[in-house]
Each structure stands twice: as structure tokens, then as C-alpha cells.
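For the protein sequence lines, the chains are A and B, in the order given. Counting from 41, one number per residue, gives the positions in the first sequence under our numbering. Counting from 41, one number per residue, gives the positions in the second sequence under our numbering.
Protein chains: 2
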Amino acid sequence: MAKKQTTIQDIAKTLSITASTVSRALNDHPKIKKSTKDTVWAKAKELNYQPNTIASSLRKGKAKTVGMIVPRINRHFFSNIITGVESVLNPAGYNLIICQSEEKYDKEINNINTLIANRVSGLLISISLETKNFDHIRRAISNNIAVVMYDRITEELNVSKVENDDISGSYDLTKHLIDEGYKDMMWIGGSRNFNTYRNRFEGYEKALKEIGIDANKYPIFEGSISLEAAYEYFKEYLENNKLPEVVFSASDYMAMGAIMAIQEKGFKIPDDVAISGYSNEPFAALINPKLTTVEQFSKEMGRSTARILLDEMESNKDENIPIKTILRPKLIVRESTINKKKL
Amino acid sequence: MAKKQTTIQDIAKTLSITASTVSRALNDHPKIKKSTKDTVWAKAKELNYQPNTIASSLRKGKAKTVGMIVPRINRHFFSNIITGVESVLNPAGYNLIICQSEEKYDKEINNINTLIANRVSGLLISISLETKNFDHIRRAISNNIAVVMYDRITEELNVSKVENDDISGSYDLTKHLIDEGYKDMMWIGGSRNFNTYRNRFEGYEKALKEIGIDANKYPIFEGSISLEAAYEYFKEYLENNKLPEVVFSASDYMAMGAIMAIQEKGFKIPDDVAISGYSNEPFAALINPKLTTVEQFSKEMGRSTARILLDEMESNKDENIPIKTILRPKLIVRESTINKKKL
DNA sequence: AAAATAAATGCAAACGTTTGCATTTTGTAT
DNA sequence: ATACAAAATGCAAACGTTTGCATTTATTTT
């Protein structure tokens with residue numbers, strides 16, 4: 041079983057030429073004659089030659105591999121980004137090592153260490169919720185790895201970044217809520233230490249300010265971004281408080297938790313209280329009522345991110361000028377925020 | 041920026057010992073004195089040494105890497121399997137290269153080629169819907185790569201396999217439907233050329249046979265496993281046919297499509313027609329009515345699969361005896377199949 | 001204290017490519 | 001035919017580890 045793989049040397053030997061020539065022929069080097077290229081290719085096929093990427097990487101000092109760190113792979117938002125990244129990187133001959141940080145700072149550090157050990161050429165990272173210090177990322181950079189941050193970024197690092205325009209996304213959404221005639225609002229979302237949720241709050245705040253309302257006068261729940269957390273919070277909230285007209289949730293999952301608590305109490309959505317989400321998770325179109333939310337074009341985000349990384353990896357400049365890409369999300373209005381009493 | 045990474049040689053030089061000793065020290069070789077191990081470790085830390093996995097892999101002829109081929113990463117079922125696999129493989133020092141076949145035979149072949157080129161030690165694969173020929177997998181095997189198939193398997197290959205017991209899963213579910221008093225059924229699902237759907241049909245058939253009914257007398261829709269396909273199909277079906285008492289859907293997504301078409305027509309679930317799904321996708325617990333389905337413990341499936349692979353990779357036997365693991369799924373009864381008229 | 005054994009380290013080759021430079025072969029101009 | 005340039009190939013080192021075997025150093029036995 042453990043049969044020897046055929047190498048460049050084997051091909052060379054049977055053709056009585058050098059390994060160098062074979063190598064160059066296979067890599068389509070301009071100085072190699074067309075005819076020898078052909079014979080080499082033919083022999084390679086015949087001997088079922090499979091190039092040894094490892095040897096090549098060692099010699100070149102870099103692997104045609106990029107590492108991607110993702111908080112959680114089982115969020116649609118992230119798995120779509122991955123798909124987008126692959127659609128750009130694979131055709132370019134790179135493969136992806138995907139690592140999950142599971143929102144843990146320590147795991148993120150481990151991930152980076154293995155990626156450095158694997159001499160990846162590039163690193164794509166969306167930081168975990170716990171990450172406050174960025175020395176591990178700096179270490180990657182100083183190991184000559186091209187780094188691009190996506191979605192969850194930090195201003196502390198001078199690297200290329202791809203973001204969603206969360207401010208305008210939530211501004212547009214809030215505007216829609218106002219247009220529907222809602223005034224009495226409530227914000228729920230993840231920690232605003234995070235660019236994502238900070239910005240989503242900012243857009244909300246901005247739209248309200250335009251009609252003379254201070255967002256901070258309304259209830260704000262800042263918690264862990266999970267269905268369960270929102271459900272528990274709302275269950276308790278409803279015991280002691282009256283409903284707002286509308287709940288602006290900065291996450292579809294949290295919106296879902298709220299909806300379950302609300303419906304359990306016998307309230308109707310959007311009649312008794314309207315609610316919106318963020319991200320357009322697949323279930324948003326499937327639940328009852330269908331959830332108004334914001335589509336983020338995650339696959340496209342993956343593609344942009346990968347394109348930028350590819351550029352930086354293949355440019356032989358020693359230092360790249362970091363660029364910032366901001367993707368504009370799109371409001372998706374569905375039943376959960378339609379005001380039937382309007383006008 | 042492009043600063044030289046410190047190598048084992050650098051450490052050796054500053055300590056005036058050999059690279060061999062350093063290598064052995066770092067790998068905790070028994071013949072190395074505790075004291076030198078300590079000094080080597082200290083110096084390694086000091087010089088910020090990052091082992092070069094590539095060099096190591098080249099020398100050893102194998103990378104501490106496993107390739108995983110997945111039809112689609114953005115199905116919860118699969119992304120959970122991935123998480124399970126990682127939870128076993130990462131602590132063992134392996135990393136995962138994940139490839140999506142996107143249900144295409146050609147992509148699957150490409151994936152395998154890059155994995156072979158990367159000299160992965162192991163391969164985890166769930167075949168695409170298009171795959172009928174398995175020579176590419178045989179090629180991997182003959183390149184001395186340990187292979188384990190999960191979920192979507194084939195009997196044509198003599199390798200270890202991890203399956204869900206779809207027969208008993210759907211048997212249990214059908215039994216539940218019968219117990220609820222439903223008799224007039226309908227089956228919808230993916231192509232039965234596929235072990236998964238074939239087995240899910242078999243369990244359904246078996247349970248019906250026990251009460252003297254031939255499953256083939258009832259309507260069967262065998263189509264592409266997507267929400268859209270099922271929606272379209274049902275929309276048309278409802279024009280020309282009367283409702284069955286219950287729809288057995290071999291996929292949550294298809295169930296969802298059916299539900300949307302049914303509710304659009306103004307029918308009530310489960311009052312006018314009951315419906316069940318399969319897989320327990322997250323939305324199944326979120327929709328209205330909540331969907332009865334079958335939980336497959338995908339994370340556990342990933343763990344089992346990885347454990348078996350790990351065994352096969354680390355055993356130095358030349359030939360492993362393939363084992364077959366069958367995981368028992370669990371019925372999850374929710375509102376969508378509760379018969380209010382029962383008794 | 002010498003001899004024998006055990007423990008620790010060193011030597012050098014190997015893994016399969018790639019690549020700068022040297023050499024050979026081919027083609028062109030005289 | 002000769003000289004020269006251009007094109008094609010060869011040579012050999014390098015990438016950073018690992019590892020069988022040889023050698024040195026420390027420990028035990030007599």
C-alpha cells in the first residue's frame with residue numbers, strides 16, 4: 041500500500057533530463073522548449089505524478105495556503121463569507137485552513153500559532169468577542185503574513201479591512217420604523233464595545249435624533265447575542281414593563297428570542313409590538329410573522345476580502361497600503377414591522 | 041518586515057549544541073537530559089521560535105493535516121459535523137483543510153487532487169449528490185491517505201464509515217405519526233439513489249407495512265432537497281389534489297417549502313394537514329407551528345468520524361480493518377404533528 | 001582505577017522542490 | 001566554415017526538520 045509517490049526526479053530519470061528541467065517544464069517556464077514541456081507533461085500524466093506542495097512550500101518559504109479565523113462556522117453569515125472567500129482563493133491556487141475561535145481569545149491565539157507554523161501566506165480574521173489585545177495578530181504580520189480583517193475589525197491595527205456599513209444599515213432600518221409611524225422604541229443587541237453593535241446603535245441613534253428623540257431615553261438591552269439570552273431577558277422584562285411600539289434588535293437571533301417570549305405571553309406581532317432583526321438569517325423569511333431585517337451580502341463580503349488579500353499576497357511590495365472597504369447592506373422589509381394602523 | 045524566522049539551527053548555535061539535539065529536545069525525546077530540554081525550551085521562547093511545520097512534514101513524508109470534503113458548509117448539519125471533527129483533531133495536533141464540493145462531482149475531484157498534493161494524512165468525505173464513480177477516492181487511498189466516509193457513504197468502497205441510522209430514525213417518526221392516528225400519508229424527499237433518502241424511505245415503508253399499508257400506494261415526491269423545489273411542487277400539487285392527513289418530509293428544508301405553500305393556500309397545520317421534517321435544523325424549533333423532526337447529533341457524528349480517522353492515521357498498520365459506526369438519531373415531537381382530534 | 005554499560009549528544013543524509021548561475025546546444029549573421 | 005548571440009538545459013545548493021547510526025560523556029560495576 042505505502043507505495044512511493046512519483047517525484048520530479050523519477051520523471052527526469054526516465055526522460056534522461058534533469059529535475060530542474062522537469063520542474064521548469066511543469067511550471068511552464070518560458071525558457072523551456074515547447075517539445076520538452078510536452079514530453080514532460082505526458083510522462084507526468086503517465087506516471088500519475090502528484091506535485092508535492094510541501095516540498096515546494098519549503099523551498100519557497102511560503103505555502104500557497106491562507107488561514108481564516110472565524111468566530112463560529114455555523115452562523116450563516118460566516119459560512120457564506122467562507123464560501124465567498126473560497127470562490128476567489130481556490131481558482132488562484134490557494135487553499136484555506138479554517139479555524140474557529142468560538143469567540144474565545146485563547147483559541148484565537150492558538151489558531152494563529154498553528155497558522156504561523158504552517159507558514160500561511162495570508163490571514164483572514166474576524167476577531168472574537170473576547171479579543172481586546174492584538175499582539176497575536178501583530179505577530180502574524182511580523183512573520184510576513186498578509187492580514188485582512190473582515191466584519192469584526194479593530195482600529196488598532198493598520199491592515200486592510202472589509203466592513204459592513206452597519207451605521208447606514210441600521211439607520212435605514214430605523215428610518216423605516218419611523219416611517220411606519222412607530223416612535224416608542226427599544227434597542228437590543230450585543231456589546232457596544234464591538235464595532236458591529238456600536239455602529240448599529242449609532243445608526244439607530246442618528247435616525248432618532250433626526251426626529252428629535254434621544255435614543256438613550258428608550259430602553260436598551262446589551263447582552264450576549266443569542267436567542268436564549270434575549271428570550272430570558274424579554275420574559276422577565278414583560279413581567280414588569282409595558283411593551284414598546286417596536287423592538288429594534290441588532291441580531292436576528294436575539295429578535296427570535298424576543299419574539300418567542302412575546303408570543304408566549306399572548307401578544308401579537310406586529311399588532312401589539314413590531315420587531316426587526318439584523319443579518320437576514322435564513323429563518324427570518326420562514327418564521328411567522330416574517331422578520332424585517334438587513335441583508336449583508338456575506339458571500340460578496342467574502343469575495344472582496346479574498347480579493348484584497350490575494351493582491352497583497354501576490355504584490356511583491358514589502359509593505360502594502362492598507363485599504364478599507366465598506367459594503368452597503370440592504371433593508372429587507374417584511375411583515376414584522378408593518379404598521380397596520382398607519383394612516 | 042520580511043525578517044528571518046528563527047530556526048532550530050539558530051537555537052542550536054546560540055547554545056552551542058546541534059540541531060538534532062534541539063529537535064529532540066523540543067519533541068520531548070526520552071534520550072535528552074531534562075536540563076538541556078529546559079534550556080532549549082527557554083531559548084526557543086526567548087527567540088520566539090515557531091516550528092516550521094512544512095519542513096517537518098516534508099521530512100516525515102506526511103503532513104499533520106487532514107482534508108475534509110463537505111457538500112456545503114452552510115448547512116447546519118454539516119457545519120456542526122465540522123465543529124465536532126475539529127474538537128477531536130485540533131487537540132491531537134492536526135489541522136483541517138475544509139473543501140466544499142457544492143454537490144458537484146468535478147469539484148470533488150479537484151478537492152481530492154489538492155488534498156493529495158498537500159500530502160494530508162487523512163481524508164473525511166461525504167460525497168456529493170452527483171458522485172457515482174469513486175476512483176478519485178481510490179486514488180487517495182492508494183496514496184496512502186486514511187479515508188473515512190461520513191453520512192453520505194457508498195458500499196463500493198471498503199473504508200470506515202459513520203452513518204446515521206436513517207432507517208430507524210424515520211421508522212420511529214412514522215410510528216409516531218401512526219400513533220397520532222394518521223393513516224393517509226405522503227412522502228417527500230431527495231433522490232432515493234442516495235443512501236440517506238433511500239433509508240429514510242425504507243423506515244417509513246417499514247412502519248407502514250406493519251399496519252398493513254403499502255407505502256407505494258401513497259404519493260411520493262422525489263426531488264431536489266431545497267425549500268424552493270418543495271414549495272413549487274406543493275403549490276402545484278394543491279391545485280389538483282386533496283390534502284393527505286400528514287406529509288412525511290425527509291428534509292426540514294423541504295418541509296418548510298411545503299409549509300409555506302400549504303399556509304399560503306389558507307390551510308392550517310396540523311389541523312388540516314400535519315407535517316414532519318428531518319434533521320432538526322435550527323429554524324425547526326422557531327417556525328409556527330414548531331416542526332416535528334429528527335435530531336441527528338451532528339456534532340457527535342463529527343467526533344466519532346474524527347476519532348476513527350485519528351486511530352487509522354496513527355496506527356502504523358499498513359492496512360486498517362474498516363469499521364462501520366451507526367449513530368442512532370432521536371425523534372423530536374413538536375406541534376406540527378400533534379393530532380388534536382385524537383381519541 | 002579500569003572496564004563495562006548506560007545515557008546523552010553529534011554527524012550527516014534525506015525529504016522533493018526551486019532557482020541563480022554555469023554550461024551546452026541551437027540558430028543566425030558574417 | 002567561423003564567430004557570436006540566443007535559447008535551452010544542467011549543476012548544485014538551499015529550504016528546516018528528522019532520524020539511524022556513530023560517538024562522546026556520565027554512571028555503574030568489579
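Note that the Cβ used here is the ideal one computed from N, Cα and C, for glycine as well.
Taking just the CA atoms, how far does residue j sit from residue i?
i: residue 446 (chain A); j: residue 95 (chain B); result: Nothing about residue 446 (chain A) can be read from this structure; chain A reaches only from 41 to 383.
i: residue 176 (chain B); j: residue 149 (chain B); result: 6 Å
i: residue 41 (chain A); j: residue 186 (chain B); result: With a pLDDT of only 39 at residue 41 (chain A), under the threshold of 50, the placement of this residue in the model should not be trusted; the figure read from the coordinates follows. Between residue 41 (chain A) and residue 186 (chain B), the C-alpha separation is close to 11 Å.
i: residue 49 (chain B); j: residue 59 (chain B); result: 5 Å
i: residue 236 (chain B); j: residue 381 (chain B); result: 33 Å
i: residue 97 (chain A); j: residue 164 (chain A); result: 20 Å
i: residue 206 (chain A); j: residue 238 (chain A); result: 9 Å
i: residue 3 (chain A); j: residue 128 (chain A); result: The structure shown does not extend to residue 3 (chain A), since chain A spans only 41 to 383, so no value can be given for it.
i: residue 296 (chain B); j: residue 273 (chain B); result: 12 Å
i: residue 348 (chain A); j: residue 79 (chain A); result: 38 Å
i: residue 327 (chain A); j: residue 376 (chain A); result: 10 Å
i: residue 277 (chain B); j: residue 284 (chain B); result: 11 Å
i: residue 281 (chain A); j: residue 313 (chain A); result: 13 Å
i: residue 104 (chain A); j: residue 116 (chain B); result: 29 Å
i: residue 143 (chain A); j: residue 255 (chain A); result: 29 Å
i: residue 5 (chain B); j: residue 65 (chain B); result: The requested residue 5 (chain B) does not occur in the structure, where chain B is confined to residues 41 to 383.
i: residue 57 (chain B); j: residue 84 (chain B); result: 13 Å
i: residue 351 (chain A); j: residue 368 (chain B); result: 48 Å
i: residue 315 (chain A); j: residue 264 (chain A); result: 18 Å
i: residue 220 (chain A); j: residue 249 (chain A); result: 17 Å
i: residue 140 (chain A); j: residue 118 (chain B); result: 15 Å
i: residue 168 (chain A); j: residue 73 (chain A); result: 52 Å
i: residue 151 (chain A); j: residue 191 (chain B); result: 28 Å
i: residue 106 (chain A); j: residue 106 (chain B); result: 15 Å
i: residue 366 (chain A); j: residue 233 (chain A); result: 20 Å
i: residue 145 (chain B); j: residue 171 (chain B); result: 5 Å
i: residue 247 (chain B); j: residue 241 (chain B); result: 10 Å
i: residue 99 (chain B); j: residue 174 (chain B); result: 30 Å
Can you check which of these residues, the options, is closest to residue i by C-alpha distance?
i: residue 325 (chain A); options: A:373, A:146, A:214, A:345; result: A:373
i: residue 137 (chain A); options: A:278, A:160, A:76; result: A:160
i: residue 334 (chain A); options: A:170, A:275, A:157, A:321; result: A:321
i: residue 44 (chain A); options: A:71, A:81, A:78, A:87; result: A:87
i: residue 337 (chain B); options: B:71, B:286, B:209; result: B:209
i: residue 184 (chain A); options: A:157, A:112, A:74, A:281; result: A:157
i: residue 90 (chain A); options: B:147, B:179, B:69; result: B:179
i: residue 302 (chain A); options: A:316, A:330, A:271, A:317; result: A:271
i: residue 379 (chain B); options: B:355, B:353, B:311; result: B:311
i: residue 222 (chain B); options: B:107, B:168, B:132, B:288; result: B:288
i: residue 55 (chain B); options: B:70, B:74, B:82, B:109; result: B:82
i: residue 181 (chain A); options: A:367, A:317, A:353, A:371; result: A:353
i: residue 266 (chain A); options: A:75, A:131, A:112; result: A:112
i: residue 155 (chain B); options: B:134, B:218, B:63, B:108; result: B:108
i: residue 213 (chain B); options: B:139, B:339, B:114, B:243; result: B:243
i: residue 131 (chain A); options: B:147, B:341, B:231, B:134; result: B:147
For the ligand NAD, is there a heavy atom less than 7 Å away from the beta-carbon of residue i?
i: residue 368 (chain B); result: What this structure holds is no ligand at all, so the ligand NAD is not there to describe.
If you measure beta-carbon to beta-carbon, which residues of the segment 168-185 of chain B are closer than 9 Å to chain A? 179, 181, 182, 183, 184
contact_flag[the segment 192-209 of chain B, the segment 349-366 of chain B] where n(CB pairs < 8 Å) is 3 or more: yes
Residues of the segment 55-70 of chain B with Cβ closer than 8 Å to any Cβ of chain A, in chain order: Here the close residues number zero.
Below 8 Å, how does it come out for the segment 118-129 of chain B and the segment 77-95 of chain A: are there three or more Cβ pairs, yes or no? no
May I have a chain-ordered list of the beta strand (DSSP E) segments no shorter than 3 residues that lie completely inside the segment 53-120 of chain A? 103-110
At a cut of 8 Å, does the segment 253-263 of chain B reach the segment 219-235 of chain B through at least three beta carbon pairs? yes
What residues from the segment 196-208 of chain B come within 7 Å of chain A, judged by C-beta to C-beta, listed N to C? none
Where in the segment 116-194 of chain B do unbroken runs of the alpha helix (DSSP H), each at least 4 residues long, occur, reported from the N-terminal end onward? For the segment 116-194 of chain B, whole alpha helix (DSSP H) runs of length 4 or above, ordered along the chain, are 116-129, 145-157, 175-182.
Is the segment 275-292 of chain B touching the segment 308-322 of chain B, taking contact as three or more C-beta pairs under 8 Å? yes
Give me the subset of the segment 265-298 of chain B whose CB atoms are less than 7 Å from a CB atom of chain A, sorted by chain position. 296
Residues in the segment 316-329 of chain B having any Cβ partner in chain A nearer than 7 Å: 322, 323, 326, 327, 328
Taking beta-carbon pairs under 7 Å, can you tell me which members of the segment 85-96 of chain B lie near chain A? 90, 91, 92, 93, 94, 95
Starting from the N-terminal side, write out each stretch of the alpha helix (DSSP H) that is 4 residues or longer and does not extend beyond the segment 231-284 of chain B. 235-250, 267-280
Residues of the segment 124-138 of chain A with Cβ closer than 9 Å to any Cβ of chain B, in chain order: 126, 130, 133, 135, 136, 137, 138
Please give the ranges of any alpha helix (DSSP H) in the segment 287-312 of chain B, keeping only runs that are unbroken, at least 4 residues long and fully inside the region. Listed in chain order, the complete alpha helix (DSSP H) runs (minimum 4 residues) inside the segment 287-312 of chain B are 292-304.
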